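Protein chains: 4
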Amino acid sequence: MNFQIPKYKQPNFEQEPFLSAPDVQIVEVKIDGVAPEHYHGLSIYPEYFKISGEWILASESRMDGVPVLGSDGNIHVVEFRNLKIGDKVIVGRTEDGREGIFVYAKGFSSNDTDSELFAFRSGRSRETAYSKDYNELYELLNYEKDNGYIVWVLGPAVVFDFDSRQALSSLISNGFAHAILAGNAMATHDLEAALFGTALGQNTYDQQSPPNAHYHHLDLINKARRAGSIKALMEKEGIKDGVVYSAITNNVPLVLAGSIRDDGPLPPVIADVYQAQDEMRKHTRKATTLICLATQLHTIAAGNMTPAYTQRNGEIRPVFIYCIDIAEFAVNKLRDRGSLEVTTLVTNVQDFVVHVKNNLIKIGVGS
Amino acid sequence: MNFQIPKYKQPNFEQEPFLSAPDVQIVEVKIDGVAPEHYHGLSIYPEYFKISGEWILASESRMDGVPVLGSDGNIHVVEFRNLKIGDKVIVGRTEDGREGIFVYAKGFSSNDTDSELFAFRSGRSRETAYSKDYNELYELLNYEKDNGYIVWVLGPAVVFDFDSRQALSSLISNGFAHAILAGNAMATHDLEAALFGTALGQNTYDQQSPPNAHYHHLDLINKARRAGSIKALMEKEGIKDGVVYSAITNNVPLVLAGSIRDDGPLPPVIADVYQAQDEMRKHTRKATTLICLATQLHTIAAGNMTPAYTQRNGEIRPVFIYCIDIAEFAVNKLRDRGSLEVTTLVTNVQDFVVHVKNNLIKIGVGS
Amino acid sequence: MNFQIPKYKQPNFEQEPFLSAPDVQIVEVKIDGVAPEHYHGLSIYPEYFKISGEWILASESRMDGVPVLGSDGNIHVVEFRNLKIGDKVIVGRTEDGREGIFVYAKGFSSNDTDSELFAFRSGRSRETAYSKDYNELYELLNYEKDNGYIVWVLGPAVVFDFDSRQALSSLISNGFAHAILAGNAMATHDLEAALFGTALGQNTYDQQSPPNAHYHHLDLINKARRAGSIKALMEKEGIKDGVVYSAITNNVPLVLAGSIRDDGPLPPVIADVYQAQDEMRKHTRKATTLICLATQLHTIAAGNMTPAYTQRNGEIRPVFIYCIDIAEFAVNKLRDRGSLEVTTLVTNVQDFVVHVKNNLIKIGVGS
Amino acid sequence: MNFQIPKYKQPNFEQEPFLSAPDVQIVEVKIDGVAPEHYHGLSIYPEYFKISGEWILASESRMDGVPVLGSDGNIHVVEFRNLKIGDKVIVGRTEDGREGIFVYAKGFSSNDTDSELFAFRSGRSRETAYSKDYNELYELLNYEKDNGYIVWVLGPAVVFDFDSRQALSSLISNGFAHAILAGNAMATHDLEAALFGTALGQNTYDQQSPPNAHYHHLDLINKARRAGSIKALMEKEGIKDGVVYSAITNNVPLVLAGSIRDDGPLPPVIADVYQAQDEMRKHTRKATTLICLATQLHTIAAGNMTPAYTQRNGEIRPVFIYCIDIAEFAVNKLRDRGSLEVTTLVTNVQDFVVHVKNNLIKIGVGS
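Residue numbers (my numbering), protein chains in the order written: chain A, 253 to 619; chain B, 253 to 619; chain C, 253 to 619; chain D, 253 to 619.
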């Protein structure tokens with residue numbers, strides 16, 4: 253394997269304007285859930301704050317969070333709604349160090365491998381050449397399997413098709429997923445496929461719609477609610493395949509966030525969306541690679557809370573974010589919402605997942 | 253005005269198979285939130301159930317609900333999660349009357365105006381001729397203004413543009429909206445436009461991005477959270493225009509449903525998505541016309557809970573559903589999810605809203 | 253191999269209304285290039301015409317052609333512009349046999365394999381399950397390689413990517429293409445990739461744009477024009493790979509039709525579009541399978557001239573038409589233009605071609 | 253009217269590197285239709301060439317043309333295929349003046365109005381705010397009507413709808429079009445609408461498909477071929493409305509370029525695409541504003557041959573290019589092909605044209 257994690261180049265604070273920069277300004281929260289005026293908002297990049305003359309890295313970031321100086325001397329990242337009276341919020345909206353705030357966008361870019369990887373981000377479309385992106389992704393995933401934390405963000409379409417559902421299940425069973433973020437629909441239709449062979453009433457292989465198959469997903473949800481949990485449902489109904497099955501049997505955490513579009517919902521779906529954000533964030537803060545498939549809602553939600561870097565074994569390393577969708581608009585939207593360091597592939601996620609599986613898992617072993 | 257509401261043609265139950273059909277079968281709920289096996293699932297169409305020899309119309313419908321016979325002899329529509337032990341659920345999955353269940357899809361179709369209105373639903377695309385659809389919508393809205401209940405379902409894009417934000421505000425102020433269903437983003441960016449002139453940091457008129465404008469929507473949310481309510485925010489900041497302002501000052505209910513994509517959120521956003529569904533349903537059950545603009549999430553959510561008919565002043569009449577989106581896939585998806593009686597227009601919602609406003613409101617009066 | 257060509261079921265003309273139907277009416281052409289009033293227009297389906305009491309099959313069809321009775325007693329299909337004074341055009345616009353004209357849309361549908369193949373045509377989108385379509389296509393192409401005539405219709409995007417350009421070249425070299433229909437751009441960028449490694453100035457593998465690479469396609473065309481032919485260019489420049497190279501070295505005919513969008517053009521591009529149609533039709537009339545990749549212009553052109561059936565070794569058999577494009581609108585458009593019997597796949601053609609190659613060609617043999 | 257044409261700022265050649273730059277190198281053509289090695293390729297921007305110590309502006313440009321020094325001392329722009337033996341082609345691929353070649357991209361940008369107009373070009377999508385673009389376009393067209401040369405490039409969709417076909421006709425009749433570039437389909441379906449009320453068989457107002465309406469466009473073409481010309485057809489059939497009628501009766505030149513997708517074709521359609529390019533170019537070289545509606549083929553063709561500047565009454569002024577399409581991919585493609593100075597609007601062209609007409613033509617006057 254020739255994959256190399258890009259090295260992080262520490263900023264040199266032994267020069268101006270860093271040396272003569274003041275400490276950051278701090279203002280305490282006066283009302284729960286409300287930041288002080290001029291609060292600093294975080295980006296996806298590593299950010300340093302001068303505290304008592306030292307430049308401290310916020311060990312995490314997320315885009316709708318503010319930096320709070322903890323009593324431990326660390327910088328914590330707190331969402332607006334979670335701010336408490338007395339929290340010491342860093343204020344200031346410059347980014348170049350002058351006010352004690354330094355946003356460091358180029359920590360990985362001097363590395364050659366990395367600069368190639370990130371070189372061509374603009375204007376990607378259905379006509380972009382993706383061969384190299386695929387090859388790099390294969391190498392990356394082989395590395396991350398044992399050395400990283402791969403988070404999949406799934407829309408339902410990936411389980412609508414026989415081959416792609418099987419391919420994704422196989423990737424999970426073979427260690428290429430450390431957490432899965434999705435919604436009620438993905439889990440429902442995956443389990444529907446396991447029990448009835450259909451997704452939203454249509455057979456995942458032959459596209460037939462058996463009589464009354466439009467009841468299948470509702471029946472599945474009702475059975476799950478009767479069983480009380482997905483695990484109990486799987487045992488009761490003898491479910492032995494699919495994305496949910498592979499996740500649960502391989503102890504891959506599965507966060508299912510609720511939406512107003514849900515039928516049911518399935519038992520473990522989280523009804524409160526902000527609680528769901530908190531559960532999702534438990535995994536995005538560990539993520540080293542994030543792969544988002546055909547869901548604007550979950551992709552932008554996860555993208556907003558995933559920084560461009562993470563600390564792993566004491567090292568700062570990049571987080572690789574992939575967004576795969578058939579619409580240019582959808583993949584561009586993630587970038588327009590601030591997730592600048594994303595690799596986008598414009599294609600059908602079915603084909604994408606099957607390609608990835610075929611290249612990562614040798615026949616006879618993984619499937 | 254020559255607009256005529258299509259007349260509902262009562263089914264003739266004085267013939268077979270209705271006369272000799274049995275009463276519906278009823279099974280009681282044993283576990284809260286779980287339907288009995290073979291529960292009947294409702295469609296968007298009027299459904300009749302034979303109870304004690306009488307064919308009773310379920311006065312409402314929604315797609316993920318089941319029919320429950322109430323102690324008042326009426327058929328109630330209850331979502332799975334709201335079922336209680338002892339609820340009398342109607343079971344059976346035929347639709348032609350043989351089991352005491354009759355789904356009546358053609359109640360309005362003998363009416364000539366209506367049959368033309370609904371004639372060409374298949375294969376609508378960017379190349380479909382929409383002139384007549386526009387003209388019919390203008391007539392419909394003029395009628396519904398005083399005689400119906402118009403529910404708008406809004407994605408954020410409609411407030412991103414100066415003219416369309418103003419046009420929609422004007423429609424609301426002039427009585428063409430009776431309820432608005434949206435999310436945190438629509439309200440946030442509308443108020444951001446009122447306070448800063450930008451939406452997601454870009455000026456809604458000249459497309460300029462002022463320095464630090466990417467803070468605007470977060471600042472707006474933070475100010476609203478400090479004020480404690482949108483109304484308090486508007487007073488404090490002197491906000492006098494926009495969709496939210498027009499809704500609140502004209503007492504048009506505004507339901508804001510939360511999603512995992514939210515920043516903030518704004519004070520009145522409902523965090524629990526199933527509670528949000530309940531709030532939305534309070535309006536969809538009254539709706540006579542539903543207009544969905546550029547939001548897959550809210551459109552499918554609202555579409556799922558809106559039947560093709562409603563009762564108004566003791567009369568059964570059709571509910572007109574419009575879905576406007578720039579992507580064929582998005583408008584088709586609503587139909588694929590069972591909302592068959594929808595009129596779709598494939599265009600940019602900015603242009604759509606401005607057209608509607610220009611045709612409904614005479615210059616000098618409404619704008 | 254278990255692939256079976258659907259059997260054609262001859263219509264039974266020994267029954268009414270066929271027995272008592274009159275012979276077709278025939279009117280002679282009075283002006284070159286102009287059909288008589290009420291000329292019959294052909295469809296993509298087999299059509300029979302009663303001539304001297306016999307029902308004669310038009311051995312070919314194309315959508316903008318009219319049936320002409322030849323002196324040999326056969327029915328010829330002639331485009332409007334090719335009609336000559338004195339041509340005996342069949343007139344009449346009924347299709348059920350009453351006027352001696354019978355359009356036979358169900359010749360293959362009693363066959364079970366076929367009915368499954370054609371069962372689910374409506375509403376295909378990015379979310380349709382394509383696993384079975386892929387598997388059937390693999391079987392079909394393995395059969396057609398030796399027993400059919402596979403025509404590829406190519407937009408330029410398929411040669412923009414390293415892997416897909418190589419995969420398609422490999423399919424051609426391994427016998428899976430009997431003719432290729434394309435335009436100036438596909439050939440230009442394929443040869444540009446062979447000579448410079450770029451397509452439209454961007455490297456097909458690493459997406460880099462070398463200095464002055466925007467000259468590459470113009471330089472390529474200029475070199476080809478200097479060489480006088482593509483073949484001479486390939487020899488002179490030592491070109492040894494790609495779609496054009498594979499086609500020419502394997503004697504696969506390559507029809508390049510001109511368009512107003514062309515630079516250059518390359519030497520063999522046909523400037524007159526109607527002459528180009530004639531050259532294309534030489535292959536579509538032999539086609540047993542047509543595969544169209546990411547080009548609206550060439551796809552609709554080829555689709556218009558390809559019937560749903562062909563005669564091969566004295567047998568009538570279906571023509572299988574596939575259209576692959578990333579936009580639902582594009583694949584639906586072919587159907588809207590009358591090519592009803594098309595299998596559409598909504599995906600990136602890069603992924604499609606690589607999948608097909610991986611499944612048809614064993615590693616080490618074909619690539 | 254407050255519209256002001258941006259002033260062109262002449263480059264200052266009285267400074268380095270211009271003063272000490274050599275004259276351009278010139279190489280004569282040796283083979284008809286083939287440029288010498290290292291020919292200079294033109295961009296859409298004004299380009300100056302040092303000839304005998306003087307910096308001469310090429311009075312026109314087009315992207316697939318090369319600069320040829322004429323015996324009159326002027327720089328002519330010649331397509332590859334039109335090069336003749338002995339033509340003096342300028343060679344060299346630098347753009348900064350060092351080799352006597354200067355590409356001047358900023359001639360209009362110091363003007364404030366202009367810089368605002370061109371400020372936000374990147375990332376335009378369905379969610380971009382278009383209010384100001386519309387307003388500027390209205391002012392521009394009012395100016396250009398009498399002081400410019402407005403060229404419309406039309407796909408067929410704009411005549412598929414009753415209102416938009418009428419709006420465009422009205423714009424033409426009121427002087428807002430000086431030339432129209434389109435294909436066989438636009439003209440055919442526009443005349444079909446005039447004669448039968450349908451476009452491709454569907455009524456342009458009520459979307460009904462009358463019996464055998466799929467013959468209408470073929471019948472229209474056949475009638476036109478019989479009449480011998482569109483003008484004769486219009487007289488014979490009493491056609492009095494539509495885009496083609498308005499163009500012909502107002503002496504607006506209409507160039508119809510052939511494509512392999514054509515039925516028929518109509519009499520004046522140009523079969524040879526390179527001859528069609530020459531005819532199109534007669535108008536693009538005069539164009540001061542180019543408006544392209546829903547056609548990739550004609551838009552990119554016209555875009556390739558339209559420079560960012562033109563000379564009018566001895567003044568150099570910008571050419572304004574607009575591209576309106578419902579797909580981000582389509583409008584971005586024009587930019588990706590080098591037409592950088594284009595204003596794109598992502599919407600349905602029906603709505604666009606009706607908006608433009610409503611704003612430019614007072615009710616009762618133009619329609």
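Cβ coordinates follow ideal geometry from the N, Cα and C atoms, glycine included. Everything numeric in this text was worked out from a predicted model, so none of it was measured.
query	result
Distance, ILE303 (chain D) Cα to PRO263 (chain D) Cα	16 Å
Bounding residues of the beta strand (DSSP E) (the contiguous stretch that carries ILE543 (chain D))	541-545
Inter-residue spacing [alpha-carbon to alpha-carbon] between ASP442 (chain D) and VAL411 (chain D)	6 Å
Min CB distance PHE581 (chain D) to chain A below 8 Å	yes
Closer than 8 Å to chain A by CB, PHE588 (chain D)	Reading off the sequence shown, one finds Asp at residue 588 (chain D), where the question assumed Phe. Taking Cβ atoms only, chain A reaches closer than 8 Å to ASP588 (chain D), which makes this a yes.
Candidates C:ILE296, C:LEU389, C:ARG333, of which the one nearest CYS575 (chain C) by Cα	C:LEU389
Residues that ASP415 (chain B) contacts on chain D, provided the C-beta gap is smaller than 7 Å	SER383
Residue burial classification, GLU268 (chain D) (beta-carbon count within 10 angstroms, cutoff 16)	exposed
Residue environment, LYS609 (chain D), which counts as buried when at least 16 other CB atoms sit within 10 Å	buried
Burial state of SER195 (chain D) (16 or more Cβ within 10 Å)	The displayed coordinates of chain D run from 253 to 619. Any statement about residue 195 (chain D) would go beyond what the structure contains.
Distance between ALA553 (chain D) and VAL405 (chain C) (C-alpha atoms, nearest Å)	21 Å
Same chain, Cβ closer than 7 Å to ARG587 (chain C), neighbours up to 5 away in sequence not counted	VAL594
Residue(s) in a DSSP beta bridge with VAL608 (chain C)	Looking at the DSSP assignment, VAL608 (chain C) forms no beta bridge with any residue, so it has no partner.
Exposure of PRO288 (chain D), with buried meaning 16 or more beta-carbon neighbours within 10 Å	buried
Short CB-CB distance (under 8 Å) between ILE573 (chain D) and chain C	no
Below-8 Å beta-carbon distance, ILE552 (chain D) vs any chain C residue	yes
Extent of the continuous beta strand (DSSP E) to which LYS340 (chain A) belongs	340-343
Residue-level contact to chain B via CB, LEU620 (chain A), 8 Å cutoff	Residue 620 (chain A) is absent from the model: chain A starts at 253 and stops at 619.
Given SER511 (chain D) as reference, the closest of C:THR562, C:ILE473, C:GLN548, C:VAL286 once Cα atoms are compared	C:GLN548
DSSP state of GLY555 (chain A) mapped onto helix, strand, coil	helix
Alpha helix (DSSP H) segment containing PHE621 (chain C), residue limits	The structure shown does not extend to residue 621 (chain C), since chain C spans only 253 to 619, so no value can be given for it.
Residue-chain proximity (ILE543 (chain C), chain D), Cβ-Cβ < 8 Å	no
Complete alpha helix (DSSP H) runs within the region 418-472 of chain B (minimum length 4 residues, chain order)	436-448
Per-residue DSSP class, three states only, for ARG533 (chain D)	helix
GLY352 (chain C) versus GLN277 (chain C) - alpha carbon distance	8 Å
Cβ neighbours of SER416 (chain B) in the same chain (closer than 6 Å, five flanking residues each side left out)	VAL410, GLN602, VAL605, VAL606
Buried/exposed call for LYS614 (chain A), threshold 16 Cβ in 10 Å	exposed
Neighbourhood of THR456 (chain D) by C-beta, 8 Å cutoff - its chain only, sequence neighbours within 5 removed	VAL411, PHE412, ASP413, PHE414, ARG417, ALA445, GLY449, THR450
Within chain B, partners of MET532 (chain A) - CB distance below 9 Å	ILE512
Pick from D:PRO274, D:ILE327, D:PRO519 that is closest to ARG333 (chain C), judged by C-alpha positions	D:PRO519
Reduced DSSP secondary structure (H/G/I, E/B, other) of ILE568 (chain C)	strand
Candidates A:GLY427, A:ASP458, A:ILE337: closest to ARG376 (chain C) by CA position	A:ASP458
The ligand ADP heavy atom lying under 7 Å from the CB of ASP515 (chain A)	Here there are no bound small molecules, and the ligand ADP is not part of this structure.
GLY375 (chain A) at chain D interface by Cβ criterion, 8 Å	yes
Closer than 8 Å to chain D by CB, HIS441 (chain B)	no
Under 9 Å from the C-beta of ALA409 (chain D): neighbouring residues of chain B	ARG378, GLU379
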